[in-house]
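So the sequences go chain by chain: A and B.
Numbering-wise (my numbering), the first sequence opens with residue 4 and increments by one.
Numbering-wise (my numbering), the second sequence opens with residue 3 and increments by one.
Structure record follows, encoded as structure tokens.
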Amino acid sequence: MLSNTSHNDNKSSMNFIEFISQPWHWSISGLALVSIMTLLLWFGGEFGVSSNLRTFCAIGGAGNTHSFFDFNWKKQIWNLVFIGGAIIGGFIAVSYLPSSDPVQISDSTQIYLESVGINAPATIAEGRGYLPTEIFGSTNLFSFRSFVFLIAGGFLVGFGSRYAGGCTSGHAINGLSSLQIPSLIAVVGFFIGGLLMSWIILPKLLIL
Amino acid sequence: MKFVKFFVTGIFFGIVMTKSEAISWFRIQEMFRFESFHMYGIIGTAVIVGALVKLSIKKLRGKTIKGDLISFKDKDMSIPRYLFGGIIFGLGWAMTGACPGPMFTLLGHGAWAILIVIGSATIGTYFYGALRNRLPH
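Right, here's the structure in full:
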């Protein structure tokens with residue numbers, strides 16, 4: 004009897020890990036983000052990841068030449084610790100809670116991407132099922148195309164997020180839920196830029 | 003010790019970003035092509051429920067762990083700054099498929115190419131800081 008119970012317990016704990024290892028429904032993910040935003044407020048911080056890039060510049064001494072980076076970055080250490088946690092969280096999620104299948108995007112996106120030379124991963128071995136190996140894979144890393152995507156794309160993200168005063172976390176989630184009109188303008192901007200890139204520029208860049 | 007709570011919350015954030023698939027380049031393409039509700043569902047839920055939580059915090063005069071009143075600062079109003087900055091950000095977001103939060107999470111996946119993106123995003127931030135007096139705000 005007793006051994007039977009413990010056997011069942013084992014089984015149910017296995018099932019729990021399997022259960023949370025599946026891709027999460029959008030509503031669960033959205034609620035999880037709200038809990039993170041609320042926890043950060045309670046801890047005396049504020050949800051916004053791109054500020055850390057400004058902190059990197061300040062630590063590197065950019066404050067000596069540009070006043071924008073001349074601030075007390077030590078007050079931002081909590082945010083650096085937060086993204087340090089995000090790195091570990093990413094590691095835990097792919098190592099211990101891997102999905103059994105790669106990201107399942109809609110057929111129409113998949114067909115379109117194939118037409119411009121990007122294949123959705125068939126197994127989680129390729130880019131862990133999340134990234135196109137054609138751009139992020141180590142064998143393609145030194146191609147001209149990857150160079151443009153990673154360097155130019157990263158530069159635009161860093162420049163744009165600071166110019167707009169925030170990124171997806173700071174404006175789209177934190178700002179919009181604080182009913183900030185400036186954040187709404189920024190999100191409209193995100194979509195103008197994103198639509199321009201994905202519909203007009205990207206198809207040309209992908210066939211480079 | 004006071005940083006442990008931020009570290010643990012960060013770990014949860016990394017797991018959420020991964021399991022929600024918001025870190026996937028493919029999900030971002032799908033979002034900008036309006037071919038799935040997934041990303042809109044995540045952000046929409048976070049905004050609507052987040053707004054209700056924040057209104058309650060204001061109403062109930064919620065306090066931080068240290069006992070200070072949680073305050074919400076209004077952002078300074080401007081159009082060019084948010085619009086132009088937003089457009090530039092959006093162009094980069096659709097290319098890399100990663101905004102800053104996912105960048106760090108992907109690093110934990112061992113996607114080393116993302117280091118190049120983080121590096122150039124930091125350089126981009128530096129250029130903004132250097133040029134900001136000449137940009138319309």
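Beta carbons are placed, not taken as given, at the ideal position from N, Cα and C, and that holds for glycine.
A quick note: this is a predicted structure, and the numbers were derived from the prediction, not measured.
Quiz item: Does the beta carbon of A/S180 fall short of 6 Å from some heavy atom of the ligand ZN?
Solution: The ligand ZN is not among the ligands present in this structure, which contains no ligands whatsoever.
Quiz item: Between A/V119 and chain B, is there a C-beta pair that is closer than 7 Å?
Solution: Stepping through the first sequence from its first residue, residue 119 of chain A is reached at position 116. False, the Cβ-Cβ gap to chain B never drops below 7 Å.
Quiz item: Can you round the beta-carbon distance between B/W95 and A/F152 to whole angstroms, since I take them to be within the 8 Å contact cut?
Solution: Here the question's residue 95 of chain B lines up with position 93 in the second sequence. Here the question's residue 152 of chain A lines up with position 149 in the first sequence. Wrong, their Cβ atoms sit about 12 Å apart, outside the cutoff.
Quiz item: What in chain A is Cβ-close to B/R136, meaning under 9 Å?
Solution: Position 134 of the second sequence, counted from the start, is the residue given in the question as residue 136 of chain B. Neighbours of B/R136 on chain A: none; closest Cβ ~12 Å, over 9 Å.
Quiz item: Using the rule of at least 16 other Cβ atoms within 10 Å of the residue's Cβ for burial, across every protein chain shown, is A/S9 buried or exposed?
Solution: Position 6 of the first sequence, counted from the first residue, corresponds to residue 9 of chain A. Because A/S9 sits at a pLDDT of 47, beneath the cut-off of 50, its placement in the model cannot be relied upon, and the following sentence gives the value as read from the coordinates. Exposed is the call here.
Quiz item: By Cβ distance below 7 Å, which residues in the same chain neighbour B/R29 in space, the five residues on each side in sequence not counted?
Solution: One-based indexing of the second sequence puts residue 29 of chain B at position 27. So the qualifying residues of the chain are E23, H40, M41.
Quiz item: Using the beta-carbon count (16 or more within 10 Å), is A/A175 buried or exposed?
Solution: As a working note, residue 175 of chain A is residue 172 in the first sequence. Classification for A/A175: buried.
Quiz item: Would you call B/P82 buried or exposed, if buried means 16 or more other Cβ atoms sit within 10 Å of its Cβ?
Solution: On the second sequence, position 80 is the one that residue 82 of chain B refers to. So B/P82 counts as exposed.
Quiz item: For B/L71, which three-state DSSP category applies?
Solution: Taking the first residue of the second sequence as position 1, residue 71 of chain B is located at position 69. Strand.
Quiz item: Which of the three DSSP states, helix, strand or coil, is assigned to A/L5?
Solution: Position 2 of the first sequence, counted from the start, is the residue given in the question as residue 5 of chain A. Reliability of the predicted coordinates at A/L5 is poor, the pLDDT of 43 falling under 50, and the value obtained from them is presented with this limitation in mind. Helix, per DSSP.
Quiz item: Which first and last residues belong to the alpha helix (DSSP H) in which A/C60 is found?
Solution: Within the first sequence, residue 60 of chain A is the residue found at index 57, counting from 1. Counting along the chain, the alpha helix (DSSP H) containing A/C60 begins and ends at 54–62.
Quiz item: A/L159 and B/I90 look like a contact to me (Cβ under 8 Å); what is the Cβ gap, rounded to whole Å?
Solution: Sequence index remark: in the first sequence, residue 159 of chain A carries index 156 (1-based). Sequence index remark: in the second sequence, residue 90 of chain B carries index 88 (1-based). Yes, A/L159 and B/I90 are in contact; Cβ-Cβ is about 5 Å, under 8 Å.
Quiz prompt | Own chain partners of A/Q25 with C-beta closer than 7 Å, once the 5 adjacent residues on each side are dropped | solution = Within the first sequence, residue 25 of chain A is the residue found at index 22, counting from 1. Excluding positions up to five away in sequence, the list reads S102.
Quiz item: Does the Cβ of A/Y99 have 16 or more other Cβ atoms within 10 Å, making it buried, or fewer, making it exposed?
Solution: What you label residue 99 of chain A is simply residue 96 of the first sequence in a count that begins at 1. Flag for A/Y99 reads exposed.
Quiz item: Whose Cβ in chain B lies nearer than 8 Å to the Cβ of A/A89?
Solution: The count along the first sequence starts at 1 and reaches residue 89 of chain A at position 86. Residues of chain B passing the Cβ test: G12, I13, F15, G16, M19, G103, F106, T107, G110.
Practice problem: Under 8 Å Cβ to Cβ from B/Y128, same chain only, skipping five residues before and after it: list those, please. | Solution: To locate residue 128 of chain B, count along the second sequence from 1; it is residue 126. Nothing listed; no residue qualifies.
Practice problem: List the residues of chain B whose Cβ lies closer than 8 Å to the Cβ of A/A123, in chain order. | Solution: By one-based count along the first sequence, residue 123 of chain A stands at place 120. Within chain B, the residues near A/A123 are F28.
Quiz item: In the structure shown, what three-state DSSP assignment does A/H10 receive?
Solution: Here residue 10 of chain A corresponds to residue number 7 of the first sequence, with the count starting at 1. Here the model assigns A/H10 a pLDDT of 49, short of 50, so the residue's position is not dependable, and the following value carries that caveat. The answer is helix: DSSP assigns A/H10 an H, G or I state.
Quiz item: Is there at least one Cβ from chain A nearer than 7 Å to B/A123's Cβ?
Solution: To locate residue 123 of chain B, count along the second sequence from 1; it is residue 121. By this cut-off, B/A123 is an interface position.
Quiz item: Comparing alpha-carbon positions, which option in B/T11, B/P104, B/K77 lies nearest B/T20?
Solution: Counted from its first residue, the second sequence places residue 20 of chain B at position 18. Ranking the options by Cα distance to B/T20, first place goes to B/P104.
Quiz item: Among residues of its own chain, excluding the 5 on either side of A/D73, which ones have a beta-carbon nearer than 6 Å to its beta-carbon?
Solution: For the purposes of this step, residue 73 of chain A is identified with residue 70 of the first sequence, where counting begins at 1. So the list reads G66, once near-sequence residues are dropped.
Exercise. Using the Cα positions of A/I114 and A/I127, report the straight-line distance between them to the nearest angstrom.
Key: Residue mapping note: residue 114 of chain A aligns to position 111 of the first sequence, counting from 1. Residue mapping note: residue 127 of chain A aligns to position 124 of the first sequence, counting from 1. Their Cα atoms are separated by approximately 19 Å.
Quiz prompt | Complete runs of the beta strand (DSSP E) confined to the stretch 28–92 of chain A [at least 3 residues] | solution = none
Self-check item: Spatial distance of B/I118 from B/F36 (CA atoms)
Solution: Mapped onto the second sequence, residue 118 of chain B falls at position 116. Mapped onto the second sequence, residue 36 of chain B falls at position 34. The straight-line gap from Cα to Cα measures roughly 28 Å.
Quiz item: Within this structure, are the beta carbons of A/F46 and B/K7 separated by less than 7 Å?
Solution: For this step, residue 46 of chain A is matched to residue 43 along the first sequence. For this step, residue 7 of chain B is matched to residue 5 along the second sequence. In this structure, B/K7 lies closer than 7 Å to A/F46 by Cβ.
Quiz item: Going by C-alpha distance, which of B/S80, B/P138, B/T47, B/R134 is nearest A/F40?
Solution: Residue 40 of chain A sits at position 37 when you count from the first residue of the first sequence. It should be noted that the sequence gives Met, not Phe, for residue 40 of chain A. Selected option, being the one with the closest Cα: B/T47.
Self-check item: A/D110: first and last residue of the uninterrupted alpha helix (DSSP H) it sits in
Solution: Here residue 110 of chain A is taken as the residue at index 107 of the first sequence, counted from 1. Where A/D110 is concerned, the enclosing alpha helix (DSSP H) stretches over 110–118.
Quiz item: Going by C-alpha distance, which of A/G173, A/I203, A/Y133, A/I210 is nearest A/N3?
Solution: Because chain A in this structure spans residues 4 to 211, residue 3 of chain A falls outside the shown range and cannot be described.
Quiz item: Going along the chain, which residues of its own chain have a beta-carbon closer than 8 Å to the beta-carbon of B/T107, five neighbours each way excluded?
Solution: To locate residue 107 of chain B, count along the second sequence from 1; it is residue 105. Hits under 8 Å: F15, G16, M19, T20, I25.
Quiz item: Starting from A/F158 and walking both ways along the alpha helix (DSSP H), at which residues does that stretch end?
Solution: Here residue 158 of chain A is taken as the residue at index 155 of the first sequence, counted from 1. Per DSSP, A/F158 belongs to the alpha helix (DSSP H) from 156–167.
Self-check item: Sub-7 Å separation of A/F183 and B/K77 beta-carbons
Solution: The residue labelled residue 183 of chain A in the question sits at position 180 within the first sequence. The residue labelled residue 77 of chain B in the question sits at position 75 within the second sequence. In the sequence on display, residue 183 of chain A carries Gln and not Phe. Yes. Within cutoff.
Quiz item: Going along the chain, which residues of its own chain have a beta-carbon closer than 7 Å to the beta-carbon of A/S6, five neighbours each way excluded?
Solution: As a position in the first sequence, residue 6 of chain A is number 3, starting the count at 1. Note that A/S6 scores a pLDDT of 44, beneath 50, so its modelled location is shaky; the value from the coordinates is reported in the next line. Answer for A/S6: no residue qualifies.
Quiz item: Exposed or buried, which one is A/M4 when buried takes at least 16 other CB atoms within 10 Å?
Solution: Within the first sequence, numbered from 1, the residue matching residue 4 of chain A stands at position 1. Note that A/M4 has pLDDT 39, beneath the 50 cutoff, so the model's placement of it is unreliable and the number below is only indicative. By the 10 Å Cβ count, A/M4 comes out exposed.
Quiz item: Within 10 angstroms of its Cβ, does A/S118 collect 16 or more other Cβ (buried), or is it exposed?
Solution: Locating residue 118 of chain A in the first sequence gives position 115, counting from the first residue. The residue is exposed, with fewer than 16 neighbouring Cβ atoms inside 10 Å.
Quiz item: For B/K77, does the three-state DSSP call read helix, strand or coil?
Solution: By one-based count along the second sequence, residue 77 of chain B stands at place 75. Correct three-state label for B/K77: coil.
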